[in-house]
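Residue numbers (the numbering used here): -14 to 615.
The beta-carbon is built from N, C-alpha and C at its ideal position, and this holds for glycine as well.
Remember, it's a predicted structure, so these values are computed and weren't measured experimentally.
What follows is a single structure, written as structure tokens, with notes after it.
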């Protein structure tokens, strides 16, 4: 009963029914078979249930919703013929209150396990002398991180949701509670995480734990995102926005400085407890030298009979738990299976085909043929030197929908892009499957990454651009005159003017872009973004949005990026522009609804409202009987 695979069966069905969940997805024992107070007697009991919280995040329902809610609703994807009707309807904008993808039960299952841990851990700390204060503090941080991440995902998706820190441990409790508003929830989460952000260690003694368990870096990453979302509110006062953007930058700086020190001191241990030679893996003569950010290099690992691999891609997504990882939902190879990525073709055979491929890359990702000479921010993949154009999906020059590679394949053997005419030719030549050298996973145990270093870099860039925008009136009527020759790594606290903030954000974005364009030899190349072309606030925002889209393709980020931008602007103009083409013929009818900010959020599942009359439907999804009832 004290091991992860034989964990205690927590009694949560009363909460699930009370909140209006249509089903209980957990394996439960009735309360009369488990006397909870008698179970929580020592530290191992606590750790057993903490492990079950991690385990609940591994569920296919949880990970699939991270994909569907954050990626499938975006302009990055399109449904395949294998997708069920609910998924096809959602991806085409025809979302109804009866659609099963609106079920939030998997997230509340995680939340209640975390609430239960926090309810009983204090009692165990008093009774078990072997359960130290340090262990208790780490327990609190782990549970609060998983709870806060789950709640943050819910409010990004539904806006207002039922919110409680109370555990469901008694049949007499009534969990038929209504929704709490977005701002109240995010304020509470920030306070909660701020109170325990320094509880977990910066580095665990077991290498795998540094990315598979909640570390101090994970706490700061979550805080950075929380502050960024709270600041991105057009109705907030400027002073509050600026304070939150500064807080986001400070959280990012904390992580970046630790990663820089790990790079310099060679103190990072991989998941096999092997010390990594970061000077080789991060390439001192490339991104670190020019930008001060130790991102993994893209070329490397030359071995007999093989071309140079895209090293960073394979390390981050193939092997997993890399130096760049901050936190990822971790699946043990040959033990666990990530059923969630089946949506991308998760059960691939030796020929990289799949029988359950529900989601494909949308054609609009590459709308024009990339060229070999000039960067153009109006095109997602403007030049042929960008590895991500062949790492994340299989593009076939517009002849049909494209298979997604990211998270599905074990290793990409694309070699140097120049070997396939990617750099020297002005005509874009797509490598064949054989040239890419796909090696599929025998068992789909890919981890799902929640935070990695590149996102911390781009979180900070977004906060800097947004902060500079508040200083210049957040308008294109005040042109941005970024500080020239502002290179290298700078602490955020030293950036006091809008000009410096714009310049630093540009360098951060350029660092991430250059990592994926290793064949570009000079920092002034026309293949790279040019700061001189950025003359106003919106130019910097567009540069950031394009780079985030390129870097985080199919990682469950894109839709939320569009929502956050709309919240910051106070309108859905950019949101509509991105998604109108995705909805095809239905876009004209949907366009009217898309002007309403509430349209960005999911409806509450109709069956949940029937079970819990305290729930209120998203006004964009009122049905006739709901309108009558209200």
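Query: Opposing strand residues paired with residue 356 [DSSP bridges]; Result: 368
Query: First through last residue of the beta strand (DSSP E) which encompasses residue 63; Result: 62 to 64
Query: Short Cβ contact (7 Å threshold) for residue 494 with residue 528; Result: yes
Query: Pick from 235, 33, 90 that is closest to residue 50, judged by C-alpha positions; Result: 90
Query: Complete runs of the alpha helix (DSSP H) confined to the region 148 to 228 [at least 4 residues]; Result: 167 to 179, 194 to 197, 201 to 216
Query: Start and end residues, beta strand (DSSP E) containing residue 697; Result: The question about residue 697 has no answer here: the residues shown for the chain are numbered -14 through 615.
Query: Euclidean distance between Cα positions of residue 598 and residue 83; Result: 16 Å
Query: Bounding residues of the alpha helix (DSSP H) (the contiguous stretch that carries residue 478); Result: Looking at the DSSP string, residue 478 is not in any alpha helix (DSSP H), and its letter there is neither H nor E.
Query: Residues of its chain near residue 139, where Cβ-Cβ distance is below 7 Å and the 5 sequence neighbours each way are ignored; Result: 89, 92, 146
Query: Limits of the unbroken beta strand (DSSP E) element including residue 433; Result: 433 to 437
Query: Inter-stretch contact at 8 Å, needing at least 3 Cβ pairs: the region 63 to 77 / the region 108 to 125; Result: no
Query: DSSP-derived helix/strand/coil call for residue 142; Result: helix
Query: Nearest residue (CA-CA) to residue 490, options 194, 234, 24; Result: 234
Query: Residue 346 - containing beta strand (DSSP E), residue span; Result: 344 to 346
Query: Beta-carbon proximity of residue 559 to residue 586, cut-off 7 Å; Result: no
Query: Nearest residue (CA-CA) to residue 239, options 566, 471, 594, 477; Result: 477
Query: C-beta contact flag for residue 45 and residue 330 at 7 Å; Result: no
Query: C-alpha distance - residue 246 paired with residue 353, whole-angstrom precision; Result: 41 Å
Query: Among 106, 375, 168, 143, the one whose alpha carbon lies nearest that of residue 126; Result: 106
Query: Cut-off 7 Å between Cβ atoms - residues of its own chain near residue 605, not counting five sequence neighbours on either side; Result: 578, 581, 583, 584
Query: Own chain residues within Cβ distance below 6 Å of residue 473, not counting five before or after; Result: 277
Query: Local conformation of residue 116 per DSSP, three classes; Result: coil
Query: Own chain, CB closer than 7 Å to residue 108, minus 5 neighbours either side, in chain order; Result: 25
Query: Helix, strand or coil at residue 532 according to DSSP, with G and I counted as helix; Result: helix
Query: Separation of residue 85 from residue 672, as counted between CA atoms; Result: Outside the shown range of the chain, which is -14 to 615, sits residue 672, and nothing can be said about it.
Query: Residue burial classification, residue 363 (beta-carbon count within 10 angstroms, cutoff 16); Result: exposed
Query: Cβ pair count under 8 Å reaching 3, the region 165 to 175 against the region 186 to 196; Result: no
Query: Buried or exposed by the 16-neighbour rule on C-beta atoms within 10 Å, applied to residue 595; Result: exposed
Query: Same chain, Cβ closer than 8 Å to residue 513, neighbours up to 5 away in sequence not counted; Result: 360, 495, 498, 499, 502, 505
Query: Closest by C-alpha distance to residue 441, when choosing among 99, 206, 152; Result: 206
Query: Straight-line Cα distance separating residue 266 from residue 305; Result: 15 Å
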